[in-house]
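*Asks:*
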Amino acid sequence: EMSVEKHVFEADVAKLLHLMVHSVYSDKNVFLRELISNAADACEKLRYEAIVAPELLGSNPAPRITLTLDEEKTRLIVEDNGIGMSRDELVESLGTIARSGTRAFMERIEAAQGKEGAQLIGQFGVGFYSAFMVADNVDVVSRRAGSDKAWHWTSDGKGSYTVSSIEPAEAPARGTRITLHLKDDAKTYTSRWTVERIVKDQSGHVPVPISIVEKPGAEPAQVADGTALWTKQKSEISKDDYTDFYRGVSGHYDEPALTVHFRAEGRHEYTALAFVPGSKPFDLFDPDRKGRMKLYVKRVFITDEAELLPRYLRFARGLVDTADLPLNVSREMIQESPLLANIRKGLTNRLLTGIEKLAESDADAFTKLWENFGSVIKEGIYEDFERRSQLLALSRFRTTAEDKPRALSDYLKDMKEGQTAIYYLTGDSLAQLQASPQLEGFRARGIEVLLLTDPVDSFWVTTAPDFEGKPFKSITQGAADLAGIAKDESAAAAANPSMTEFVAFAKTTLGDVVSDVRTSDRLTESAVCLVAPEHGPDLQLQKMLQGAGR
Ligand code: ADP
Ligand code: MG
7 EMSVEKHVFE ADVAKLLHLM VHSVYSDKNV FLRELISNAA DACEKLRYEA IVAPELLGSN
67 PAPRITLTLD EEKTRLIVED NGIGMSRDEL VESLGTIARS GTRAFMERIE AAQGKEGAQL
127 IGQFGVGFYS AFMVADNVDV VSRRAGSDKA WHWTSDGKGS YTVSSIEPAE APARGTRITL
187 HLKDDAKTYT SRWTVERIVK DQSGHVPVPI SIVEKPGAEP AQVADGTALW TKQKSEISKD
247 DYTDFYRGVS GHYDEPALTV HFRAEGRHEY TALAFVPGSK PFDLFDPDRK GRMKLYVKRV
307 FITDEAELLP RYLRFARGLV DTADLPLNVS REMIQESPLL ANIRKGLTNR LLTGIEKLAE
367 SDADAFTKLW ENFGSVIKEG IYEDFERRSQ LLALSRFRTT AEDKPRALSD YLKDMKEGQT
427 AIYYLTGDSL AQLQASPQLE GFRARGIEVL LLTDPVDSFW VTTAPDFEGK PFKSITQGAA
487 DLAGIAKDES AAAAANPSMT EFVAFAKTTL GDVVSDVRTS DRLTESAVCL VAPEHGPDLQ
547 LQKMLQGAGR
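With this note's numbering, you'll find the sequence shown wraps up at 556, consecutive numbering, no jumps.
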């Protein structure tokens, strides 16, 4: 008798499992998408390892995913002949959550109430553990490619799991077999009709063929052919095809905000299929978050760590497939290849043009995209010097002029006669900024002021010298030179001689607390306000730097 090791789940897994089972997550079908996507990943990893170790494929080279329906025993079995898992990999992968940002995500889920929590789980991409939404017991039997050892992982999803070694004869020759012992209310997943429909809907475009075995021992029937969607002509691909594919590649369950699919020809040839998600990924600001574009060489998945896009487009999901790299290219070589630089440039251009076109053709869709990702795109204003003016032109800002975001071109059009700068005010919230006394003089003259509330704003405004020749100027900084611009109700009060006396008094009283006291055009109702020196960080940036301990 072989030994059985008992393990408890990592705390985050236990929490996630609890939420998964107890929240009324409406769309349980997604568990099948998750298991199929893992199976397809496993086949792609094997294909990649077999480039240098072809013997791993043995006599069974063609990747496949098989779903076996067992109505009699109320089981659904998902099997792949991919890379498989060793004992340590089983413990590592199916007992912990490796994904960055998980902790923060779990906290958000806990803070959220029932229904919203369920939506968050959906956005997180529920992963392997979603099997417990439909099964009260899950068995995983796995044999890593090239290994003569096989392992059995089993759990009821209630806090612990066991791992034991099993006879190789009881395991697939290679890969992973996952048996779901279905709950009473999940019997429908033994129905051929149900399962086939779900597979076609959700997973019709995974790049590995999928078959269904109607009952144990029956002949497999292929239900998806594993053709890579991106290799098809655009005219052959429907919007739904793209959406399904996007869901598979991104783990989001919504519609993409933007789809960019093109073939680059010329010196470097490659195909790219990229999406801007319809909602914000939970880990967008996680410092460890990397881009998630996948690189394929001749349809073989190579890596999702090649930097195919600049950081400020890290929300995009999708892939690039090229025939211009050798299959056995090392991940280090990729990073240095001129092809990569070329792809980065081409893909960045296409994505930005796509977003610009969306701004022209569908203002609402663009506004939503900007709400989700604007604060990330603005990082490009200081990170991507070459595209600075393009990114500034694309950006939208809340201002004092209207109750909706405005483009800088709108701002320039509405500038007052005599106005030479683009004025801005930075702060933590729109409400706080709108109440600022600093705005009074500008309001009185009808001068629009950008109200910047994203942390990133304090940085780009200091590095972007101008937009179309007009410098950016903080209204908290130095003398706001408003004297040359007429007030709207030209009720400018005459210069007051007692002012000079008051300023002298204020200076002596305040001493070193301030560096200067001046009369100002910027106020109309408030008596005084604080301003930052002309040169140097503005007030909000000073606050942030102090907060960061600098
Ligand atoms: P993700 O796919 O986002 O990594 P999952 O929860 O879906 O998260 O899966 C966790 C990990 O378990 C995978 O990264 C992989 O290492 C492993 N895994 C799951 N299913 C399989 C499988 N069928 N074959 C090999 N490894 C698997
Ligand atoms: Mg997965």
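Note that CB positions come from ideal geometry on N, CA and C, so glycine has one too.
Examine the Cβ distances between the region 336-348 and the region 242-259 and report whether three or more of them are shorter than 8 angstroms.
*Replies:* The answer is no - the region 242-259 does not touch the region 336-348, with fewer than three Cβ pairs under 8 angstroms.
*Asks:* Ordered along the chain, which non-local residues of its own chain (more than five positions away) have a Cβ less than 6 angstroms from that of ALA538?
*Replies:* THR482, GLN483, ASP544, LEU545.
*Asks:* Quick one: give me the first and last residue of the alpha helix (DSSP H) that PRO344 is part of.
*Replies:* PRO344 -> alpha helix (DSSP H) spans 344-367.
*Asks:* Using CA atoms only, rank isn't needed, just tell me which of LYS21, GLY133, ARG198, MET339 is closest to ARG114.
*Replies:* Closest by alpha carbon: LYS21.
*Asks:* Have a look at LEU398 and ASP145 and give me their C-alpha separation to the nearest angstrom.
*Replies:* Each residue's alpha carbon lies about 53 angstroms from the other.
*Asks:* Indicate, with yes or no, if the ligand ADP has a heavy atom lying under 7 angstroms from the CB of LEU100.
*Replies:* Within the cutoff, so yes.
*Asks:* Which whole-angstrom value describes the C-beta separation of PRO69 and VAL214, a residue pair presumed to lie in contact below a C-beta threshold of 8 angstroms?
*Replies:* The Cβ separation is near 5 angstroms, so the contact holds.
*Asks:* Could you name the residues whose beta carbon sits closer than 6 angstroms to any heavy atom belonging to the ligand MG, keeping them in chain order?
*Replies:* Counting every residue whose Cβ lies closer than 6 angstroms to a heavy atom of the ligand MG, we get GLU40, SER43, ASN44, GLY133.
*Asks:* Do ILE340 and ALA322 have their CB atoms nearer than 8 angstroms?
*Replies:* Their beta carbons are not under 8 angstroms apart, which means ILE340 does not touch ALA322 by this criterion.
*Asks:* Rounded to a whole number of angstroms, what is the C-alpha to C-alpha distance between GLU495 and LEU445?
*Replies:* In this prediction, GLU495 has a pLDDT of 49, which is less than 50 and means its spatial position is unreliable; nothing more can be read from the coordinates.
*Asks:* Would you mind reading off the limits of the beta strand (DSSP E) that contains THR74?
*Replies:* Note, THR74: beta strand (DSSP E), 71-76.
*Asks:* So, at 8 angstroms on beta carbons, what are the nonlocal neighbours of GLU222 in its own chain, with the 5 sequence-adjacent residues on each side left out?
*Replies:* Reading off the sequence, residue 222 comes out as Pro, not Glu. Here the set comprises THR74, ASP76.
*Asks:* Return the first residue and the last residue of the beta strand (DSSP E) that ASN143 is part of.
*Replies:* Segment 141-149, the beta strand (DSSP E) holding ASN143.
*Asks:* Does any residue of chain C have a CB that is nearer than 8 angstroms to the CB of THR74?
*Replies:* In summary, chain C is missing from the structure at hand, where a single protein chain is found.
*Asks:* Just to confirm before moving on: does the CB-CB distance between THR354 and LEU325 stay below 8 angstroms?
*Replies:* Not a contact, by the Cβ cut-off of 8 angstroms.
*Asks:* Give the straight-line distance between the Cα atoms of ALA510 and LEU547, rounded to the nearest whole angstrom.
*Replies:* Roughly 29 angstroms between the two C-alpha positions.
*Asks:* Look up VAL201 in the DSSP assignment and say whether it is helix, strand or coil.
*Replies:* In this structure, VAL201 counts as helix in the three-state DSSP scheme.
*Asks:* Out of LYS304, PRO262, ARG269, point me to the one whose CA is closest to PRO287's CA.
*Replies:* Cα-wise, what sits closest to PRO287 is PRO262.
*Asks:* Considering only residues of the same chain and omitting the five flanking positions on each side of LEU357, which have a CB-CB separation below 7 angstroms?
*Replies:* VAL266, ALA280, LEU319, ALA322, listed in sequence order.
*Asks:* One question on the structure: do ASP47 and GLY181 come within less than 8 angstroms of each other, judged by their Cβ atoms?
*Replies:* In this structure, GLY181 does not lie closer than 8 angstroms to ASP47 by Cβ.
*Asks:* Taking 7 angstroms as the line, does the beta carbon of ILE89 fall inside it for any heavy atom of the ligand ADP?
*Replies:* ILE89: yes, Cβ under 7 angstroms from the ligand ADP.
*Asks:* Hey, quick one: how far does the alpha helix (DSSP H) through GLU61 stretch, first residue to last?
*Replies:* From DSSP, GLU61 is part of no alpha helix (DSSP H); its letter is neither H nor E.
*Asks:* Verify the contact flag: ASP310, CB atom, against every heavy atom of the ligand ADP, threshold strictly below 7 angstroms.
*Replies:* It does not: the Cβ of ASP310 is nowhere closer than 7 angstroms to a heavy atom of the ligand ADP.
*Asks:* Going by alpha carbons, who is nearest to PRO174 out of ALA151, TYR167, THR168?
*Replies:* Here the closest residue by C-alpha is ALA151.
*Asks:* Do ARG53 and SER209 count as a contact pair if the criterion is CB distance below 8 angstroms?
*Replies:* No. Outside cutoff.
*Asks:* Is THR160 close to the ligand ADP? I mean its beta-carbon at under 7 angstroms from any heavy atom of the ligand.
*Replies:* Not so, every heavy atom of the ligand ADP lies at least 7 angstroms from the Cβ.
*Asks:* Cα separation between ALA59 and THR233?
*Replies:* In a straight line, the C-alpha of ALA59 is about 24 angstroms away from that of THR233.
*Asks:* With a threshold of 8 angstroms on Cβ separation, who are the neighbours of GLY64 within its own chain once the five nearest residues in sequence on each side are excluded?
*Replies:* ALA179, ARG180.
*Asks:* Could you check which residue in THR459, PHE372, ALA437 has the C-alpha nearest to that of TYR430?
*Replies:* Of the listed residues, the one whose Cα sits closest to TYR430 is THR459.
*Asks:* Might you give, ordered along the chain, the residues of its own chain that have their beta carbon closer than 8 angstroms to the beta carbon of LEU516, omitting 5 neighbours on each side?
*Replies:* Counting only Cβ-Cβ distances below 8 angstroms, and skipping sequence neighbours, we find VAL523.
*Asks:* Please determine, among ILE216, VAL212, LYS189, the residue with the shortest C-alpha to C-alpha distance to GLU202.
*Replies:* GLU202 has its Cα closest to that of ILE216, out of ILE216, VAL212, LYS189.
*Asks:* Report the three-state DSSP secondary structure of ALA341 (helix, strand or coil).
*Replies:* One detail in the question is off: residue 341 reads as Gln in this sequence, not Ala. If DSSP states are grouped into helix, strand and coil, GLN341 belongs with the helices.
*Asks:* With C-beta atoms as the reference, is ARG149 less than 8 angstroms away from GLY90?
*Replies:* In contact: ARG149 and GLY90 (Cβ atoms closer than 8 angstroms).
*Asks:* What is the rounded straight-line gap between the Cα of TRP199 and the Cα of GLU55?
*Replies:* In a straight line, the C-alpha of TRP199 is about 36 angstroms away from that of GLU55.
*Asks:* Flag THR182 as yes when its Cβ comes closer than 7 angstroms to any non-hydrogen atom of the ligand ADP, and as no otherwise.
*Replies:* THR182: yes, Cβ under 7 angstroms from the ligand ADP.
*Asks:* Counting pairs of beta carbons, one from the region 372-390 and one from the region 460-479, are three or more of them closer than 8 angstroms?
*Replies:* Yes, the region 372-390 touches the region 460-479.
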